[in-house]
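In what follows, a structure is listed as C-alpha cells, so that the remarks can point back to it.
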Ligand code: FAD
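Numbering (my numbering), first residue to last: 83 to 566.
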C-alpha cells in the first residue's frame, strides 16, 4: 500500500504557513477534509461566524483547486467520521493543527487514541499561536495571570519561527464512492441565513478567505499602521487591521502577521514611530494571552476567573438586554456600536469596551449575556478572545480592568468620536445633530432637536437609564462583594 494521508482542516483555513498540511502533502496524495461539526458536546458556532465559515470554505476550495487539490466536506461527529474515512481510504498518516478549547482537545485526543490503536500515525502541529500555551510559564512554572510579565516572557524567547510557504502542488487522494461528501453549495451547507437574509452588510464589508486576509494585511501595513498606537482608539476612522475574523478562522496565522510587520518596519514602509509596529505586535500578544488563559482555565466562557464575582448581584432585565442588543439604549455611541455589530458582524475595539461596560455596569447585566450575544453576532467570535475580553471589562477576569472603572458613554463618545462621524454612520436618524451634542441628544433644546428632525422617544429612544444612577448602583453592587 503506498503512502497517503488525511489532513483535517479546522481553524486553519489557509494553505500558507500550515505545517500540518505541508506534512500531509509531503507524505503522498492527500485527502483534505473539513467536517461541519454540530455536536452539542462542543460550542456551536454563532450565526455570523457560520456565514463567515461558509464563505471561507468556498474560498479555500478554490485555492486548493488551483494547486491540484480538492476540499472534501462532511457533516457529523468527527469522532465517528475520521476513523470511517481512514478505513475507507487506507491512509497511513492523519495530520491536523492543534486547537485549545477543552472540548476540542478532548475530541482530538479521542480521535488520536482510536486511530493510533488501529495502527495509523497521527501528527499534530501549531498553526494558530506564536507559542503553545504551556511553553510560557512564570519562574515557578505556573501559568501567567498578568499580561505584562507574560508578554515579557514571550519577547525574551526571541522572534517566532518564520512562516512556511504553501505546498506548491497537492496530489488529491481519490475518494471512495462510499464516502458521499457534501456538495459545496450554500443551500446544502445550511450555514448562511435565508429568510430573512441578514448577511447583506457582511457581504459588503468582508472578503473571507486567505486572499482576503492577505489583502487586509497589505492594506493595513501600507496605511493604517502609521499612528496605530493612538489611532487604534478611533472608531470613526479605519484605524485597525480588521484582521480578527481572518485570524479567528486561521486564514492567516500570527507568525505570518508578525514577520510581515517586521518586514514592513525594516523596509521603512511604516512611517512614523516604530512604537506603532510594537503596539500592533502586542495586540497579537493579547490574543496569545487569551489562549494561554483559556488553555489553563477551560471554563472561561462560563465561570468567573475571579470566584469573588460568583456572589455578584446581577439583574435579570430582559427589556434592557433587548434594548442593548438592538442598539436602542438612547446612548448614541452604544447604539452605534451595537448596530455596527448587527450589520457587519464586527465592532471596533474601543466601542466593544464601551458597550460591554454599559451592559455590565450601568445595566448590571451578567457579562455572560453579553458574551453570548457577541458569540452569535461577531464574525470574529473567538473561544479565547471573547470570554477573556468580557471578563476583562467585568473586572472578574485575569489582569482585568478594575470594576470601579466605569466608562461614561457620553464622554467616551466625545473623546473618541469627536465629530460624531461614527454615530452618524450607524444612526442616520441622528445625522443632522451637531457634535459634541450628538453624543447626548437629550441635552439639546426641543427646538434644536426639531430642526434636526429628532423626536426623542419616537425617532430615537430616550436614555433607558440615568448614567449617575447606574454608576452608583454598580459601585454599590461591587461594595456588596466586599461584604460577601
Ligand atoms: P487590531 O487592533 O488590528 O489587532 C490585531 C489583532 O490582535 C486582532 O485581530 C486580534 O486578533 C488581536 N487583538 C487586538 N486586540 C485584542 C484584545 N483586546 N484581546 C485579544 N486580542 C486582541 N477579539 C476577537 O478576535 N474575537 C472576539 O470574540 C472578541 N470579543 C471581544 C469582546 C469584548 C467585550 C472586547 C472588549 C473585545 C473583544 N475582542 C475580541 C478583542 C478586540 O476587540 C478585537 O480583537 C479587535 O477589535 C479586532 O479588530 P482588529 O482585527 O482590527 O484589531
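Cβ atoms here follow ideal geometry from the backbone N, Cα and C, with glycine treated the same way.
Remember, predicted model here, so these are calculated numbers, not experimental data.
Remark: C-beta atoms of residue 371 and residue 232 approach each other more closely than 9 Å. Counting C-beta atoms within 10 angstroms of its own C-beta, residue 455 has 16 or more neighbours from the protein chains shown and is therefore classed as buried. No heavy atom of ligand 1 is found nearer than 8 Å to the CB of residue 99. If you look at residue 197, you'll find it in the alpha helix (DSSP H) that goes 184-199. Across the structure, residue 166 and residue 465 are spaced so that their CA atoms are roughly 28 Å apart. Looking at the backbone, the Cα of residue 216 and that of residue 313 are separated by about 33 Å.
If you keep only unbroken alpha helix (DSSP H) runs of at least 4 residues inside the segment 311-354, you get 326-330 and 336-348. Counting along the chain, residue 179 sits inside the beta strand (DSSP E) bounded by residues 175-179.
Each of 443, 110 and 452 was checked against the Cα of residue 557, and the nearest Cα belongs to 443. DSSP places residue 411 in no beta strand (DSSP E); its state is neither H nor E. Excluding five sequence positions before and after residue 159, the CB atoms of its chain that fall closer than 6 Å to its own CB belong to 121, given in chain order. Judged by DSSP secondary structure, residue 437 falls within the alpha helix (DSSP H) whose first and last residues are 431-439. DSSP lists 177 as the bridge partner or partners of residue 205.
For secondary structure counted as the alpha helix (DSSP H) over 4 or more consecutive residues, the segment 117-185 holds these complete runs in sequence order: 129-148 and 160-171. Residue 469 carries a helical assignment under DSSP once its states are collapsed to helix, strand and coil. Per the C-alpha coordinates, the member of 561, 304 and 513 positioned closest to residue 359 is 304. Residue 481 has its CB no nearer than 8 Å to any heavy atom of ligand 1.
In the structure shown, residue 303 adopts helical secondary structure according to DSSP, grouped into three states. Taking the Cβ of residue 501 as the reference point, every heavy atom of ligand 1 lies at 8 Å or farther away. The continuous alpha helix (DSSP H) containing residue 372 extends over residues 356-378. In this structure, DSSP gives residue 254 an extended state, which the three-state scheme calls strand. Of 391, 338 and 396, the smallest CA-CA separation from residue 564 is found for 391.
The beta carbon of residue 324 is closer than 8 Å to those of 298, 302 and 428 in its chain, skipping five residues each way along the sequence. Across the structure, residue 552 and residue 182 are spaced so that their CA atoms are roughly 37 Å apart. A direct Cα-to-Cα measurement between residue 492 and residue 485 gives close to 19 Å.
In this structure, ligand 1 has no non-hydrogen atom nearer than 8 Å to the beta-carbon of residue 488.
Inclusion of residue 213 and residue 101 in the CB contact set at 9 Å is not warranted, their separation being larger than that value.
The count of Cβ pairs closer than 8 Å, one atom from the segment 398-408 and one from the segment 542-552, reaches three, so the stretches are in contact.
By the C-beta criterion, the segment 316-331 is judged to be in contact with the segment 134-151, since at least 3 inter-stretch pairs fall below 8 Å. For residue 227, the number of other beta carbons within 10 angstroms of its own is at least 16, and it is reported as buried.
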